[in-house]
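Trainee:
Take a look at the structure:
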């Protein structure tokens, strides 16, 4: 039986996907926090402006683009104190051979990521 990825491992996968995307798009990392439930995950500078990016690993069948606006509102309030913009980055992860099976360490997985969404 293949070992399932832990919540932290799934989160790290999502962080890598988002981190590469931010880098490619010219964001400069000021702080990176990969601990679960510690927000924001990325504090970045771009065009001399501060950006807070919240990263979530979302398992199939949930929609990675679905945002918890109530939660994001508290992050946005925090970001406003720093004159920062707030973004959500949902990363969908599924077992490549069977979406219904858990993501594990011995099988490939599929990533669905549509980029950061401004809140």
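Residue numbers (the working numbering): 750 to 868. Backbone N, C-alpha and C define an ideal beta-carbon position, used for all residues, glycine too.
1) How about the segment 815–835 and the segment 773–787: do they share at least three Cβ pairs that are nearer than 8 Å?
2) On the three-state DSSP scale, how would you describe residue 780?
3) Just list the residues that DSSP pairs residue 841 with in beta bridges.
4) Report yes or no: do the segment 848–867 and the segment 762–770 share at least 3 C-beta pairs separated by less than 8 Å?
5) Decide if residue 865 is buried, meaning its Cβ has at least 16 other Cβ atoms within 10 Å, or exposed.
6) Taking contact to mean at least 3 C-beta pairs separated by less than 8 Å, is the segment 828–842 in contact with the segment 803–818?
7) If distances are taken between C-alpha atoms only, which option among 863, 846, 799 comes closest to residue 856?
8) By DSSP, does residue 831 sit in helix, in strand, or in coil?
9) What number of angstroms, rounded off, separates the C-alpha of residue 838 from the C-alpha of residue 751?
Mentor: The relevant details are as follows:
1) Here the segment 815–835 does not lie against the segment 773–787, with fewer than 3 beta-carbon pairs under 8 Å apart.
2) In the structure shown, the three-state DSSP call for residue 780 is strand.
3) Residue 841 pairs with 807, 861.
4) Three or more beta-carbon pairs drawn from the segment 848–867 and the segment 762–770 are found closer than 8 Å, and the two stretches are therefore classed as touching.
5) Residue 865 comes out buried.
6) Segments in contact, yes.
7) Closest option to residue 856, Cα to Cα, is 846.
8) Looking at residue 831 - three-state DSSP - the assignment turns out to be coil, as it is neither helix nor strand.
9) If you take the alpha carbons of residue 838 and residue 751, they lie about 28 Å apart.
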